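Everything below concerns the one structure shown next.
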Amino acid sequence: MKLLPTLVLAGGLCSVAALPLQAQQLRLPVMSPTVRMRQDFSTSYIELAYGRPSKRGRDIFGKLEPYGQVWRTGANSSTRIKFGEEVKFGGQVVPAGTYALFTIPDPKEWTIILNKDTSQWGAYDYRPELDLARVKAKPRTSNTAAESFSIMLENLQPAAADLTLRWDKVRVSVPIEADADARIMAQIQDAMKTDKKPYFAAAQYYYSTGKDLNQAITWLDESIKQQPSYYAYYWKGKMLQKANRNSEAAEAARQSLALVKQEKNEHSRDEYTRLNEQLLKEVKGKK
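Under mature numbering (1 follows the signal peptide of the UniProt record, and there is no 0), read the sequence shown as residues -23 to -1, 1 to 264, first letter to last.
Listed below in structure tokens is the structure:
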């Protein structure tokens, strides 16, 4: 019986001795968690990676992050932004690639910087000679304070968006634009030289962007020759309607309705039936 306390004590001593090793294995909450995001944009994407600090009762701009000094624009490693294609960043041309995103806060005008050195921790080794672009942006004041710093892509359009930084009561935005049309037109031109010509996709793009309707209709006819489909006939009808060729548009809608009856997917069948019936109503009695 006297051995038991000794064994318990020995066990307790072993536990105490093991504590430092166990503490190294703990998974603790991260004060400034890393955010990684990828957004489809234009014909490619935009990626962001940054540490997201919190306010925690502190005064941020002018205090924690001094005015007039280069800020890593987040926490921990420097913030990184990657463009999958050439863009205009605040009006300045930026080639596809990955860049460090730095800022210089100011009460009246921020400086947003894209720098070629993406391997930095913070902004301690920031070198202005590696800047690719510097953009001025006016800060806006919000009524409510954001507890956590965030970088977002707002007002997203097919080839345009605003990169918005927000923390505390401050918001700063920089416009990003891409010339998607030039790339898509180049893709179409190259693809039409191959054996697998994208007739349907090219026709839809021409229609949606207000380009040559006759060319779009010609491509749709080629698509229908290869594989007649209710959706190709429907879109041919829409293009003919836009070209004021209403009797031909009505005929295309009727052909689409005949084919859609064979569609096994109930939702697709109902949707294209509705669309074609609507198209017929719109062109009825029009020449």
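Quick reminder that beta carbons are idealized off the backbone N, C-alpha and C, glycines included. Quick caveat: nothing in here was measured; it's all calculated off a predicted structure.
Any idea if residue i is buried or exposed, counting beta-carbon neighbours within 10 angstroms, 16 or more meaning buried?
i, result
"leucine 3", "exposed"
"leucine 234", "buried"
"arginine 143", "buried"
"glutamine 134", "exposed"
"proline 6", "exposed"
"proline 82", "buried"
"residue 309", "Not covered by the structure: residue 309. The range shown for the chain is -23 to 264."
"aspartate 145", "buried"
"glutamate 131", "exposed"
"leucine -20", "Confidence is the limiting factor: at leucine -20 the pLDDT is only 46, short of 50, which leaves the residue's position unreliable, though a coordinate-based value still follows. With fewer than 16 Cβ atoms within 10 Å of its Cβ, leucine -20 is classed as exposed."
Am I right that residue i and residue j are in contact with their C-beta atoms under 8 Å? What's the rounded C-beta distance?
i, j, result
"tyrosine 27", "glycine 51", "4 Å"
"alanine 138", "isoleucine 128", "Rounded, the Cβ-Cβ distance is 12 Å, inconsistent with contact."
"alanine 230", "glycine 214", "4 Å"
"aspartate 156", "threonine 186", "Their Cβ separation, rounded to whole angstroms, is 13 Å, which puts aspartate 156 and threonine 186 out of contact at 8 Å."
"valine 112", "phenylalanine 66", "6 Å"
"alanine 226", "leucine 190", "Actually they do not touch by this definition, with Cβ atoms about 12 Å apart."
What's the gap between the Cα of residue i and the Cα of residue j?
i, j, result
"threonine 250", "tyrosine 210", "12 Å"
"arginine 246", "asparagine 253", "11 Å"
"threonine 11", "arginine 29", "6 Å"
"glutamine 232", "asparagine 223", "14 Å"
"leucine 197", "lysine 258", "22 Å"
"tryptophan 48", "serine 55", "9 Å"
"leucine 256", "valine 149", "45 Å"
"serine 31", "alanine 163", "45 Å"
"leucine 109", "tryptophan 87", "17 Å"
"phenylalanine 79", "lysine 93", "11 Å"
"leucine 217", "isoleucine 165", "22 Å"
"alanine 77", "glutamate 124", "24 Å"
"isoleucine 23", "valine 260", "42 Å"
"tyrosine 208", "glutamine 181", "11 Å"
"phenylalanine 126", "arginine 33", "11 Å"
"residue 266", "glutamate 199", "Because residue 266 is not part of the residues shown, which for the chain are -23 to 264, the question remains open."
"proline 84", "isoleucine 90", "17 Å"
"lysine 241", "glutamate 248", "12 Å"
"arginine 160", "glutamate 228", "34 Å"
"tryptophan 98", "tryptophan 212", "53 Å"
"threonine 141", "glutamine 16", "14 Å"
"tyrosine 184", "phenylalanine 18", "21 Å"
"threonine 95", "proline 43", "22 Å"
"leucine 236", "threonine 195", "20 Å"
"lysine 170", "valine 64", "27 Å"
"serine 9", "serine 21", "29 Å"
"leucine 25", "valine 151", "15 Å"
"aspartate 36", "asparagine 53", "19 Å"
"leucine 122", "alanine 136", "Strictly speaking, residue 122 in this sequence is alanine, with leucine absent from that position. Approximately 30 Å, taken between the alpha carbons."
"histidine 244", "lysine 238", "12 Å"
"lysine 40", "valine 147", "14 Å"
"aspartate 172", "lysine 188", "24 Å"
"glycine 68", "aspartate 167", "29 Å"
By the DSSP assignment, the alpha helix (DSSP H) with residue i in it spans what residues?
i, result
"threonine 88", "Counting along the chain, threonine 88 falls outside any alpha helix (DSSP H), though it belongs to the beta strand (DSSP E) covering 87 to 92."
"phenylalanine 38", "Element bounds for phenylalanine 38: n/a, residue is neither H nor E."
"valine 7", "Element bounds for valine 7: n/a, residue is neither H nor E."
"asparagine 120", "Where asparagine 120 is concerned, there is no enclosing alpha helix (DSSP H), although the beta strand (DSSP E) it sits in stretches over 117 to 134."
"aspartate 145", "From DSSP, aspartate 145 is part of no alpha helix (DSSP H) but of the beta strand (DSSP E) over 137 to 154."
"alanine 180", "176 to 185"
"tyrosine 208", "207 to 219"
"methionine 162", "157 to 168"
"serine 96", "Taken as a continuous stretch (DSSP letters only), serine 96 belongs to no alpha helix (DSSP H), as it is neither H nor E."
Residue range of the beta strand (DSSP E) that residue i falls in?
i, result
"residue 265", "Here the chain covers residues -23 to 264 and nothing more, so residue 265 does not appear."
"alanine 110", "108 to 114"
"arginine 231", "Counting along the chain, arginine 231 falls outside any beta strand (DSSP E), though it belongs to the alpha helix (DSSP H) covering 223 to 237."
"glycine 67", "Where glycine 67 is concerned, there is no enclosing beta strand (DSSP E), given that its DSSP letter is neither H nor E."
"asparagine 242", "From DSSP, asparagine 242 is part of no beta strand (DSSP E); its letter is neither H nor E."
"serine 31", "Looking at the DSSP string, serine 31 is not in any beta strand (DSSP E), and its letter there is neither H nor E."
"alanine 52", "52 to 60"
"threonine 80", "74 to 81"
Mind checking if residue i is an interface residue toward chain B, Cβ cutoff 8 Å exclusive?
i, result
"tryptophan 144", "In the displayed structure, chain B is absent; only one protein chain is listed."
Count Cβ pairs between the region 45 to 60 and the region 69 to 87 that sit closer than 8 Å; are there 3 or more? Remark: three or more beta-carbon pairs, one from each stretch, lie closer than 8 Å, so the region 45 to 60 and the region 69 to 87 are flagged as touching.
Touch test, the region 174 to 181 against the region 198 to 215, Cβ-Cβ under 8 Å, three pairs minimum: Note that the region 174 to 181 touches the region 198 to 215; at least 3 beta-carbon pairs, one per stretch, sit closer than 8 Å.
Does the region 97 to 106 come close enough to the region 116 to 125 that 3 or more CB-CB pairs lie under 8 Å? Contact fails: fewer than three Cβ-Cβ distances are below 8 Å.
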